[in-house]
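Asker: My structure is below; once you've seen it, I'll send some questions.
Number of protein chains: 2
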Amino acid sequence: MALNHAIMTALLDDRLSGYELTKAFDTSLGFFWKASHQQIYKALRDLEQQGLLESEDVPQAGKPDKVIYGLTEGGREALDAWVLGDSKATESKDDMFVKFYNLSADNAAHLREELAQRRQHDGERLALYRRIRARHYAQPESLPVRRRGIYLALLAGIRHCETRLAWAEEADALLASVIPERQSASAR
Amino acid sequence: MALNHAIMTALLDDRLSGYELTKAFDTSLGFFWKASHQQIYKALRDLEQQGLLESEDVPQAGKPDKVIYGLTEGGREALDAWVLGDSKATESKDDMFVKFYNLSADNAAHLREELAQRRQHDGERLALYRRIRARHYAQPESLPVRRRGIYLALLAGIRHCETRLAWAEEADALLASVIPERQSASAR
DNA sequence: CGCCGCATGTAATTAGTTACATGATTGT
DNA sequence: ACAATCATGTAACTAATTACATGCGGCG
Numbered sequence: 000m001a002l003n004h005a006i007m008t009a010l011l012d013d014r015l016s017g018y019e020l021t022k023a024f025d026t027s028l029g030f031f032w033k034a035s036h037q038q039i040y041k042a043l044r045d046l047e048q049q050g051l052l053e054s055e056d057v058p059q060a061g062k063p064d065k066v067i068y069g070l071t072e073g074g075r076e077a078l079d080a081w082v083l084g085d086s087k088a089t090e091s092k093d094d095m096f097v098k099f100y101n102l103s104a105d106n107a108a109h110l111r112e113e114l115a116q117r118r119q120h121d122g123e124r125l126a127l128y129r130r131i132r133a134r135h136y137a138q139p140e141s142l143p144v145r146r147r148g149i150y151l152a153l154l155a156g157i158r159h160c161e162t163r164l165a166w167a168e169e170a171d172a173l174l175a176s177v178i179p180e181r182q183s184a185s186a187r
Numbered sequence: 000m001a002l003n004h005a006i007m008t009a010l011l012d013d014r015l016s017g018y019e020l021t022k023a024f025d026t027s028l029g030f031f032w033k034a035s036h037q038q039i040y041k042a043l044r045d046l047e048q049q050g051l052l053e054s055e056d057v058p059q060a061g062k063p064d065k066v067i068y069g070l071t072e073g074g075r076e077a078l079d080a081w082v083l084g085d086s087k088a089t090e091s092k093d094d095m096f097v098k099f100y101n102l103s104a105d106n107a108a109h110l111r112e113e114l115a116q117r118r119q120h121d122g123e124r125l126a127l128y129r130r131i132r133a134r135h136y137a138q139p140e141s142l143p144v145r146r147r148g149i150y151l152a153l154l155a156g157i158r159h160c161e162t163r164l165a166w167a168e169e170a171d172a173l174l175a176s177v178i179p180e181r182q183s184a185s186a187r
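So the sequences go chain by chain: A and B. Anchor point for the first sequence: position 139 equals 138 in numbering that gives the first Met the number 0, and the numbering is continuous, going up by one each time. Anchor point for the second sequence: position 107 equals 106 in numbering that gives the first Met the number 0, and the numbering is continuous, going up by one each time.
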């Protein structure tokens, strides 16, 4: 299960609570691995029980107390070993593309709307990643080794968004040409 | 569950057996949705029970008999309705990128190998999709509407592979620069 | 004779989603 | 008063993976 390893990866240089991890999985790491808070809290308990993580209660004033987790020596070793193992290439699943296989005059307008949502989403992601890049990864050559790996992942995310956005323009044009001519603009 | 709808989509113009569907999910449709034969056979039984598919036993000589499935009227309607609904954007999961977050001099050579495997895989995919495109989607403007949707999906697959391959070159160069200088080539 | 392709499944387990729950504090 | 953010969970369910099973025909 890679979720466990994604969590350990997020804990490489910070000690974080489940809540903080959940937010991390919504942003940076989240492009490559999604997880709900329910999954994360459970994984944290499992990992602690296996001795790969250790926890510490942090009482807080004005906020609920939290439990922060950090890697143990065993955790670091397990993570290192995992990286050296083989990984199967989890192919992606995307129902929007399946929907495209069903294109017709009746659903073209709807697909165009879904596509517009995706464009918006990808555009926001791209802007975010470009900001992160400008701030923290401007000169990749002068980064410490591990940060260079993160830079490469970030770069993959950027390229991916760019490609999707470019494709979406082509797709939009083709969809527009399929929508019946009545009042093709603003079809609910 | 989109698997059910992916299966129905594959049955839009052909009546197929579970085995044939499994192969289809390994090639064309498979870029957007992966499924094992166990999943597919189960889904087929479920869909038939719901009245969305109908089956027919086909005895064969020299081969085991098979059961082919086709869409019912209800199945077509259900599929049409599904396309018009909203779909959440199933974010992708890829442990190779998680591994990149763990880059070090110790694992750079290994990651480079994994990357090479991916490159090979993506290269084969790309060649396959380009062949399909050249054979069946050379002039997208003159295709019937539904085929244009499939063309767009295919195009997304092509662009995606191209992007990954281009990224992989950059990544490979950076990884190479991280591998310790002893005998950096062909480190097992 | 043993392996590969065809064809279809069962069973057990793991992973992930959805719905619901609690309770404090800060902002409108 | 009401919603939002912080913080952590349980329970029920659906989806996916992994392991195992069966049997025929053709190929080397």
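Glycine residues also receive a C-beta, built at the ideal position from the N, C-alpha and C atoms. Since we're looking at a predicted model, the values are computed, not measured.
Does residue 121 of chain A pass the burial test, meaning 16 or more other C-beta atoms within 10 Å, or should it be called exposed?
Answerer: So residue 121 of chain A ends up on the buried side.
Asker: Can you tell me which residues form a DSSP beta bridge with residue 69 of chain A?
Answerer: Looking at the DSSP assignment, residue 69 of chain A forms a beta bridge with A/53.
Asker: Less than 8 Å between CB atoms is the rule here; does residue 82 of chain B satisfy it with respect to chain A?
Answerer: Yes, contact with chain A.
Asker: Name the chain A residues that come within less than 8 Å of residue 12 of chain B, Cβ to Cβ?
Answerer: Here the premise fails: no neighbours, minimum Cβ distance about 10 Å.
Asker: Can you give the Cα-Cα distance for residue 187 of chain A and residue 107 of chain A, rounded to whole angstroms?
Answerer: In this prediction, residue 187 of chain A scores a pLDDT of 47, lower than 50, which makes its location untrustworthy; the coordinate-derived value is nonetheless stated afterwards. Their backbone Cα atoms lie some 12 Å apart in a straight line.
Asker: To the nearest angstrom, how far is the alpha carbon of residue 140 of chain A from that of residue 147 of chain A?
Answerer: Looking at the two C-alpha atoms, the distance is approximately 8 Å.
Asker: For residue 101 of chain B, tell me which candidate among A/81, A/32, A/59 has the shortest Cα-Cα distance.
Answerer: Ranking A/81, A/32, A/59 by Cα distance to residue 101 of chain B puts A/81 first.
Asker: To the nearest angstrom, how far is it from the Cα of residue 113 of chain B to the Cα of residue 56 of chain B?
Answerer: Taking the straight line from one Cα to the other gives about 44 Å.
Asker: Could you please give the first and the last residue of the uninterrupted alpha helix (DSSP H) stretch that includes residue 178 of chain A?
Answerer: Neither: residue 178 of chain A is in no alpha helix (DSSP H) and is coded neither H nor E.
Asker: Return the residue from the list B/36, B/71, B/34 that minimises the CA-CA distance to residue 13 of chain B.
Answerer: Looking at the Cα atoms, B/71 is the closest of the given residues.
Asker: So which residues of chain A does residue 17 of chain B contact, with C-beta pairs closer than 9 Å?
Answerer: Chain A residues near residue 17 of chain B: none, gap ~18 Å exceeds 9 Å.
Asker: Going along the chain, which residues of its own chain have a beta-carbon closer than 6 Å to the beta-carbon of residue 2 of chain A, five neighbours each way excluded?
Answerer: So the list reads 34, 42, once near-sequence residues are dropped.
Asker: For the alpha helix (DSSP H) that contains residue 43 of chain B, what are its first and last residues?
Answerer: It spans 36-48 - the alpha helix (DSSP H) in which residue 43 of chain B sits, taken as one unbroken run.
Asker: The alpha helix (DSSP H) with residue 124 of chain A in it runs from where to where?
Answerer: Element bounds for residue 124 of chain A: 107-135.
Asker: I want to verify the contact list: residues of chain B whose CB lies under 7 Å from the CB of residue 36 of chain A, in sequence order.
Answerer: Those do not exist, as residue 36 of chain A stays about 16 Å from chain B at its closest Cβ, beyond 7 Å.
Asker: Between the stretch 121-148 of chain B and chain A, which residues of the former have CB atoms less than 8 Å from a CB of the latter, in chain order?
Answerer: Within the stretch 121-148 of chain B, the residues whose Cβ lies closer than 8 Å to some Cβ of chain A are 139, 144, 145, 147, 148, listed in chain order.
Asker: Cα separation between residue 65 of chain A and residue 150 of chain A?
Answerer: Approximately 31 Å, taken between the alpha carbons.
Asker: Taking Cβ positions only, does residue 25 of chain B come closer than 8 Å to chain A?
Answerer: By this cut-off, residue 25 of chain B is not an interface position.
Asker: Let me confirm a value: residue 98 of chain A is counted as buried when at least 16 other C-beta atoms fall within 10 Å, else exposed. Which label applies?
Answerer: Flag for residue 98 of chain A reads buried.
Asker: For residue 16 of chain B, count neighbouring C-beta atoms within 10 Å of its own C-beta (all shown protein chains included) and say buried if the count is 16 or more, exposed if not.
Answerer: By the neighbour-count rule (16 or more Cβ atoms within 10 Å), residue 16 of chain B is buried.
Asker: Using a Cβ-Cβ cut-off of 8 Å, state whether residue 41 of chain A counts as contacting chain B.
Answerer: It does not: the Cβ of residue 41 of chain A has no partner Cβ on chain B nearer than 8 Å.
Asker: Does residue 115 of chain B come within less than 8 Å of chain A when only Cβ atoms are used?
Answerer: It does not; no Cβ of chain A falls within 8 Å.
Asker: Using 8 Å as the limit for Cβ to Cβ distance, is residue 158 of chain A near chain B?
Answerer: Closer than 8 Å: yes.
Asker: Pop quiz: residue 7 of chain B and residue 51 of chain B are said to be a contact at Cβ under 8 Å. What is the actual Cβ separation, rounded to whole angstroms?
Answerer: Rounded, the Cβ-Cβ distance is 7 Å, consistent with contact.
Asker: In chain A, what lies closer than 9 Å to residue 168 of chain B by C-beta?
Answerer: By Cβ distance, chain A contributes nothing, its closest Cβ being about 11 Å from residue 168 of chain B, past 9 Å.
Asker: Look at the alpha carbon of residue 138 of chain A and the alpha carbon of residue 85 of chain A, and state the distance between them as a whole number of angstroms.
Answerer: Whole-angstrom Cα-Cα distance: 30 Å.
Asker: Looking at the C-beta of residue 78 of chain B, does it have a partner C-beta in chain A at a distance below 8 Å?
Answerer: Chain A, which has a Cβ nearer than 8 Å to the Cβ of residue 78 of chain B, makes this yes.
Asker: Using the rule of at least 16 other Cβ atoms within 10 Å of the residue's Cβ for burial, across every protein chain shown, is residue 135 of chain B buried or exposed?
Answerer: Under this definition residue 135 of chain B is an exposed residue.
Asker: If you run the structure through DSSP and keep just helix, strand and coil, what is residue 9 of chain A?
Answerer: In this structure, residue 9 of chain A counts as helix in the three-state DSSP scheme.
Asker: Using the beta-carbon of each residue, which ones in chain A are nearer than 8 Å to residue 177 of chain B?
Answerer: Going along chain A in sequence order, the residues near residue 177 of chain B (Cβ under 8 Å) are 144, 147.
Asker: Leaving out the 5 sequence neighbours to the left and right, which residues in its chain are closer than 6 Å to residue 158 of chain A when beta-carbon positions are compared?
Answerer: Around residue 158 of chain A: no qualifying Cβ.
Asker: Give me, in chain order, the residues of the same chain whose beta-carbon lies closer than 7 Å to that of residue 5 of chain A; leave out the 5 immediate sequence neighbours on both sides.
Answerer: Cβ within range, chain order: 28, 32.
Asker: Taking buried to mean at least 16 other C-beta atoms within 10 Å of its own C-beta, is residue 25 of chain B buried or exposed?
Answerer: Answer is exposed; the Cβ neighbour count stays below 16.
Asker: Take residue 161 of chain A as the anchor and find which of A/129, A/49, A/38 has the nearest alpha-carbon.
Answerer: With distances taken between Cα atoms, residue 161 of chain A lies closest to A/129.
Asker: Could you spell out where the alpha helix (DSSP H) holding residue 19 of chain B opens and where it closes?
Answerer: Taken as a continuous stretch (DSSP letters only), the alpha helix (DSSP H) holding residue 19 of chain B covers 17-23.
Asker: Take residue 38 of chain B and list the residues in its own chain whose beta-carbon comes closer than 8 Å to its own, dropping the five residues that flank it on each side.
Answerer: Result list for residue 38 of chain B: 2, in chain order.
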